[in-house]
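Quick notes on the structure that follows.
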Amino acid sequence: MMPRSFFNGVLLLLPALAGAEAVLSVTTVELGTVLVHPVREAPAEAVALNDTRLGAEINGVIAAIDVAVGDRVERGQVLARLDCTPHEIKVARAQAALAAGRATLEFSELQLDNARRLSARRSISQEELDKREADARTRKAELDRLQAALDAAEYTASKCTIVAPLNAVVIERIASVGDYAVPGTEILRLLDDENIEVSAKVQEQDLGGLEAAAEVRFVGRLRDHPVRLRTVLPLLERRLRTYEVRLRFVAEPAPPGAAGRLRWRVGGGRIPADLLVRRDGGFGVFVLEDGRARFQSLPEARAGHPAATSLAPTTRLIVDGRFRVEDGEAVRAD
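Take the sequence shown: its letters are residues -20 to -1, 1 to 314, numbered as in mature numbering (1 follows the signal peptide of the UniProt record, and there is no 0).
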């Protein structure tokens, strides 16, 4: 039989236990270790800024094509030549006409000088003097016209030689030696393999994340390439709700025409959906603050989706026991 003193001690202890607050045991993790960074993608393609089709600007028979498919060419390099004989003849005719025009002008100016001396001695009428001055001006205008005709003939003749407008690679021979070319006839196709960028179609809701992304990559079939956003075209494709964006390669570019995916991580980590807790009709998480559980509401959180948060990465997030605790309840982290 227990002594009376034992029961008296128990009775004295019961009020103290009744007033003590129960402490729930929970497990916590640092928020930064569980954050996920959603990856977004968009269809993309590597495109050359210059895909040039060189053509004839004048009429003529193609006399030579000096490059082959696959050759690398430099700006100003001669690529093809037209038979220039008819145009050289026109240049020669223009030169002869100009020489004749100069001789005629010199004679007209000599007549004008004589007329002025005769007019000073009143040996010629004013009408005759005016006539010779007008004739000299006419001859000068004609000489200017002949000079312009020569310049035009020489310019046309210069088009007999077709040169590369940029550093590029010959990817197609369209015409052949002996073909008769007219203005617009395509002869060669050049591809600029030095100036290449990525074109991608990005969903309207993903555009902000792309602009804020610290790293963006063009993922091809064999490898991926780091890229940097250059511009967003200010035109929304209404049916798909996408914007076209252009990005530059940071290092070695992908070959023109390569198809792939634009891939980037959405900035600002998100809390995994399975760590969210529903309270008062909304979603949030419980964090540990000064030995108590505090409910942090996440207004934009949706069921089954990772939730954006502004909490510091060092915040202690309650994991085990999160469904049992209440806001402000004392807890003990194991």
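Glycine residues also receive a C-beta, built at the ideal position from the N, C-alpha and C atoms. Since the structure is predicted, the reported quantities are computational estimates derived from the model, not experimental observations.
Which value, in whole angstroms, describes the spacing of the CA atoms of residue i and residue j?
| i | j | result |
| --- | --- | --- |
| R272 | F266 | 10 Å |
| E108 | E86 | 18 Å |
| P236 | V230 | 15 Å |
| V9 | A281 | 20 Å |
| A283 | S277 | 14 Å |
| I298 | R20 | 29 Å |
| V47 | E174 | 19 Å |
| A60 | L216 | 43 Å |
| L11 | P293 | 5 Å |
| A313 | I251 | 20 Å |
| V3 | E309 | 8 Å |
| Q185 | E269 | 35 Å |
| L90 | H67 | 35 Å |
| I45 | V58 | 9 Å |
| D110 | A116 | 10 Å |
| Y160 | A74 | 25 Å |
| R228 | V305 | 51 Å |
| H17 | G249 | 5 Å |
| L(-10) | A253 | Residue confidence for L(-10) is low, a pLDDT of 45 falling below 50, so the modelled location carries little weight; the figure read from the coordinates is stated next. Straight-line Cα distance between these residues: approximately 49 Å. |
What did DSSP end up calling residue i once you bin it into helix, strand or coil?
| i | result |
| --- | --- |
| E309 | coil |
| P70 | The residue asked about is misnamed: residue 70 is Lys in this sequence, not Pro. K70: helix per DSSP, three-state reduction. |
| V178 | strand |
| F87 | helix |
| V9 | strand |
| S99 | helix |
| L78 | helix |
| E224 | strand |
| R283 | The question names Arg, but residue 283 is Ala in the sequence shown. A283: coil per DSSP, three-state reduction. |
| V14 | helix |
| A148 | strand |
| E184 | helix |
| A161 | strand |
| T141 | strand |
| D254 | helix |
| L(-9) | A caution first: L(-9) carries a pLDDT of 46, below 50, which makes its placement in the model unreliable, though a value can still be read off. Here L(-9) sits in helix by DSSP. |
| L92 | helix |
Between which residues of its own chain and residue i is the CB-CB distance below 6 Å, once the five residues before and five after are set aside?
| i | result |
| --- | --- |
| I38 | T136, K139 |
| V212 | Y223, V225 |
| G164 | G35 |
| D31 | L171 |
| A192 | G247 |
| A99 | Looking at the sequence itself, residue 99 is Ser, so the reference to Ala does not match. Correct list, in chain order: L109. |
Are there 16 or more other CB atoms within 10 angstroms of the CB of residue i, so buried, or fewer, so exposed?
| i | result |
| --- | --- |
| S5 | exposed |
| S290 | exposed |
| F303 | exposed |
| V311 | buried |
| P233 | buried |
| I42 | buried |
| I69 | exposed |
| S105 | exposed |
| G301 | buried |
| G158 | exposed |
| S88 | buried |
Mind checking which residues open and close the alpha helix (DSSP H) that includes residue i?
| i | result |
| --- | --- |
| A44 | Looking at the DSSP string, A44 is not in any alpha helix (DSSP H); the run it does join, the beta strand (DSSP E), is 40 to 45. |
| R33 | Element bounds for R33: not the alpha helix (DSSP H) but the beta strand (DSSP E), 31 to 35. |
| A273 | From DSSP, A273 is part of no alpha helix (DSSP H) but of the beta strand (DSSP E) over 272 to 277. |
| D110 | 106 to 138 |
| L190 | 187 to 192 |
Short of 8 Å in beta carbon distance, which residues of its chain neighbour residue i, apart from the five on each side in sequence? Order them along the chain.
| i | result |
| --- | --- |
| R82 | L123 |
| E152 | V49, L168, R169 |
| V27 | I176, E177, V178, S179, P236, G237 |
| I154 | R33, E166, I167, L168, R169 |
| L255 | V14, V265, L297, V299, R302 |
| V162 | A36, N39 |
Below 7 Å CB to CB, which residues in the same chain sit around residue i once its five sequence neighbours on both sides are set aside?
| i | result |
| --- | --- |
| R243 | V19, E21, R197, V199 |
| F275 | R259, G264, F266, D307 |
| R210 | E177, R226, L227, R228 |
| P23 | A180, K181, R241 |
On the DSSP letters alone, give me the boundaries of the beta strand (DSSP E) that residue i sits inside.
| i | result |
| --- | --- |
| residue 317 | The structure shown does not extend to residue 317, since the chain spans only -20 to 314, so no value can be given for it. |
| D204 | 204 to 217 |
| A60 | 58 to 62 |
Does any CB atom of chain C fall closer than 8 Å to the CB of residue i?
| i | result |
| --- | --- |
| A43 | No chain C is present in this structure, which holds just one protein chain. |
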